[in-house]
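First residue of the sequence shown? That's 772 in the working numbering, and the numbers climb one at a time after it.
Take a look at the structure below.
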Amino acid sequence: MKDGNGIETLTDGERYEGEWKDGKKSGKGVYSWPDGRRYEGQWKDDKQSEKGIYIWPDGRRYEGDLKGDVKDGNGIETLANGDRYEGDWKEDKRNGKGVFITSDGDRYDGE
């Protein structure tokens, strides 16, 4: 049974490097996919939890609260073109109070 720090590489090229508890990803860890996606953050019972950072190969990035692998809570999403949204998320969708800032510096506040 895996406990402590370790690396797991799957046959499809997916890779996890981080903490394990009772054979499950638990604690801090980094998961990467062969297509270049990457998740850095907290794990609990083999699932992404609490806070983390998703990075996509096209330059998109999300940093914030998660429930499993879903954006939920408060977070910042930066798009490949530099636009960004800072605010509330619910079930992977922008929801509630937030601000959208374009790469040119234009700002849109709302709910």
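Every residue, glycine too, gets a C-beta built ideally from N, C-alpha and C.
Going by alpha carbons, who is nearest to residue 870 out of 862, 852, 781, 848? 848
In chain order, what residues of the same chain have a beta carbon less than 6 Å from the beta carbon of residue 786, not counting five sequence neighbours either side? 780, 803
Smallest Cα separation from residue 877: which of 856, 867, 860? 856
Could you compute how far the alpha carbon of residue 800 sits from the alpha carbon of residue 854? 28 Å
Compute the Euclidean distance between the alpha carbons of residue 797 and residue 873, then round it to the nearest angstrom. 36 Å
According to DSSP, simplified to helix, strand and coil, what is residue 858? strand
Since I believe residue 841 is in contact with residue 806 (beta carbons under 8 Å), could you give me their beta-carbon distance rounded to a whole number of angstroms? Not quite, the Cβ-Cβ distance comes to about 19 Å (not below 8 Å), so this is no contact.
Please determine, among 867, 837, 830, the residue with the shortest C-alpha to C-alpha distance to residue 851. 830
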